[in-house]
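Numbering (our numbering), first residue to last: 14 to 519. The structure appears below as structure tokens.
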Ligand SMILES: Cc1cc2nc3c(=O)[nH]c(=O)nc-3n(C[C@H](O)[C@H](O)[C@H](O)COP(=O)(O)OP(=O)(O)OC[C@H]3O[C@@H](n4cnc5c(N)ncnc54)[C@H](O)[C@@H]3O)c2cc1C
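See the structure below:
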């Protein structure tokens with residue numbers, strides 16, 4: 014186990030958190046678990062850059078017949094969480110605080126998912142929540158700018174968010190492994206998930222655990238484990254568009270001429286911003302462009318929609334990323350040409366990951382439907398009460414939805430419960446989901462997916478996995494009431510206040 018006593022500074026501490034590696038005062042050595050082998054198998058020496066080579070045969074029908082190869086089991090833990098977005102953060106911290114050895118595997122180079130790598134900058138539907146989400150909001154507000162303070166941390170600086178999440182995971186003793194992508198999952202003869210496979214600079218590795226939580230957003234883990242899922246709407250599986258977020262500078266936040274366009278000054282800011290752009294001959298692909306001041310003259314903008322891009326097609330996501338980045342620069346160049354308050358506007362950075370609104374929705378033991386949200390669903394196993402309305406972004410720019418994919422919103426959303434069984438995989442035991450990949454229909458997803466709900470869902474999944482280990486049962490054998498008794502909340506954060514209800518609208 015990682016030995017905190019041996020590390021003195023933050024860099025060493027975070028390096029040491031990287032799964033499978035213990036950093037001592039003078040030496041770096043592979044953990045015993047990382048070197049676990051049966052006789053004859055020698056894991057690659059990562060310090061020497063060794064690899065386990067792939068071998069196989071190219072067939073003449075466009076495939077590669079990959080030869081079996083032995084790969085190392087790089088580590089074991091109690092609870093393994095895939096994806097370190099808002100849901101994964103909640104899940105990993107909650108499981109670790111419940112005393113579980115918890116590993117968090119993330120493909121990006123930072124924690125936070127859409128919050129950070131996606132440069133989101135606004136947390137919705139968090140005002141009525143207790144627990145880890147309030148701890149995050151408080152830290153973002155206390156350590157953040159005047160804007161963060163004025164919005165109770167819901168408008169935040171993504172760079173500060175990265176740091177806070179690393180610190181929170183560090184304090185909870187979560188074993189964080191960045192730059193590592195889940196590529197496979199193994200189930201046993203009882204249909205229970207027992208291991209995952211990852212790819213990274215360390216090659217292909219297996220990781221075992223007692224319980225697993227899919228917080229990958231796109232449901233990669235559950236799909237690999239053999240769970241059923243839905244994608245998008247209708248037989249065409251069309252999804253809501255992706256968006257490239259960006260940070261910009263060169264605008265004076267105190268300039269009177271800029272105020273009407275800043276989102277936090279009122280909802281009219283968006284149509285005004287669009288009108289300004291159109292009058293300047295700029296036609297943004299997102300028709301509700303958003304400008305937010307974060308701190309010190311750094312703003313975030315959302316001006317782009319990429320339509321018809323499947324989240325699980327890397328080539329199409331790449332195309333969308335490149336096209337969207339070009340559009341963001343084009344829009345900023347166009348605004349700068351307007352002069353006045355825009356004359357020095359410049360892109361500081363575009364997001365490292367294009368914002369993906371939806372991927373797979375994994376079949377759980379309960380499916381949240383739009384109709385149940387209209388009726389204000391209540392449930393004895395409620396882990397979180399959501400209040401955000403339906404927010405379906407058009408699936409096509411021309412708004413010509415194919416008939417089989419007709420989007421029908423059955424009414425106005427009422428506050429509703431997210432029940433524990435919607436977070437438990439229906440088809441595979443020992444596997445939970447949290448965040449935007451939980452079990453729900455296309456319209457319901459457009460409401461529960463926001464990050465003020467993703468964190469409490471993750472927290473509930475983390476506590477449920479921990480409780481199920483303590484009681485030696487499967488997660489689906491516990492009620493939420495039992496989970497709360499076995500693993501009481503470790504968070505001291507009380508419910509937030511949301512007098513303005515500004516966290517319910519974007
Ligand atoms: C453009 C846009 C604007 C939005 N606006 C808002 C808003 O204003 N406020 C709000 O609260 N919500 C907003 N949302 C919704 C919200 O951001 C997401 O629904 C939310 O982030 C879901 O959290 P999550 O943890 O489930 O997923 P994500 O944030 O997507 O996190 C998933 C994580 O898993 C990692 N991952 C994925 N696959 C793998 C793999 N195979 N192996 C390892 N790691 C993997 C990803 O890198 C990522 O870090 C917006 C979303 C988008 C895209």
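We put the beta carbon where it would ideally sit given N, CA and C, even for glycine. The structure presented is a predicted model; accordingly, all values stated were derived computationally and were not measured.
Between the alpha carbons of residue 474 and residue 483 lies a distance of about 14 Å. In the DSSP secondary-structure assignment, residue 135 is bridged to 168. Counting only the Cα atoms, residue 278 lies some 12 Å from residue 163. Remark: the C-beta of residue 519 is in contact range of ligand 1, defined as less than 7 Å to any heavy atom. The secondary-structure analysis by DSSP pairs residue 243 across a beta bridge with 374. Residue 335 carries a helical assignment under DSSP once its states are collapsed to helix, strand and coil. Judged by beta-carbon spacing, residue 121 lies beyond the 8 Å limit of residue 447, meaning their Cβ atoms are not closer than that value. Shown here, residue 429 sits in a strand according to DSSP, grouped into three states. With fewer than 16 other beta carbons inside 10 angstroms of its own, residue 291 counts as exposed. Around the beta carbon of residue 363, 16 or more other beta carbons lie within 10 angstroms, which makes this residue buried. Non-local beta-carbon contacts of residue 139 in its own chain, meaning distances under 7 Å to residues more than five positions away in sequence, involve 146, 150, 167, 465, 509 and 516 in chain order. Bridge partners of residue 272 according to DSSP: none are assigned. In the DSSP annotation of this structure, the continuous segment of the alpha helix (DSSP H) that includes residue 101 starts and ends at 99-110. Ligand 1 has a heavy atom closer than 7 Å to the beta-carbon of residue 133. Per DSSP, the unbroken beta strand (DSSP E) holding residue 70 starts and ends at 69-71. Bridge pairing for residue 79: 69 [DSSP]. Relative to ligand 1, even the nearest heavy atom lies 7 Å or more away from the CB of residue 472. Taking 8 Å as the cut-off, the Cβ atoms of residue 380 and residue 453 count as close. Here the alpha carbon of residue 230 sits roughly 38 Å from the alpha carbon of residue 52. Residues of the same chain with a CB within less than 6 Å of the CB of residue 245, apart from the 5 flanking positions on each side, are 251 and 252 in chain order. Proximity of the beta carbon of residue 119 to ligand 1 is indicated: a heavy atom of the ligand is located closer than 7 Å. For residue 199, the enclosing beta strand (DSSP E) covers residues 194-200. Within the chosen limit of 7 Å, ligand 1 does not reach the beta carbon of residue 386 with any heavy atom. For residue 251, the beta-bridge partners assigned by DSSP are 246.
By the 16-neighbour rule on beta-carbons within 10 angstroms, residue 75 is exposed. Beta-bridge annotation (DSSP): residue 189 is paired with 117.
One thing to note: residue 187 has its Cβ no nearer than 8 Å to the Cβ of residue 479. For residue 478, no beta strand (DSSP E) segment is defined; the enclosing uninterrupted segment is the alpha helix (DSSP H) at 464-484.
Judged by DSSP secondary structure, residue 155 falls within the alpha helix (DSSP H) whose first and last residues are 145-156. Contact between the stretch 231-245 and the stretch 361-375 is present: three or more C-beta pairs spanning the two stretches fall below 8 Å. Annotated three-state conformation of residue 257 is coil, per DSSP. Burial state of residue 317 is buried, judged by a 10 Å Cβ sphere holding 16 or more other Cβ atoms. Around the beta carbon of residue 201, a 10 Å sphere encloses fewer than 16 other beta carbons of the protein chains shown; the residue is thus reported as exposed. The alpha-carbon separation between residue 184 and residue 354 amounts to approximately 43 Å. Under the DSSP assignment, residue 392 falls outside any alpha helix (DSSP H); it carries neither an H nor an E label. Taking 8 Å as the upper bound for CB-CB distance, residue 60 and residue 69 are not in contact here, some 28 Å apart.
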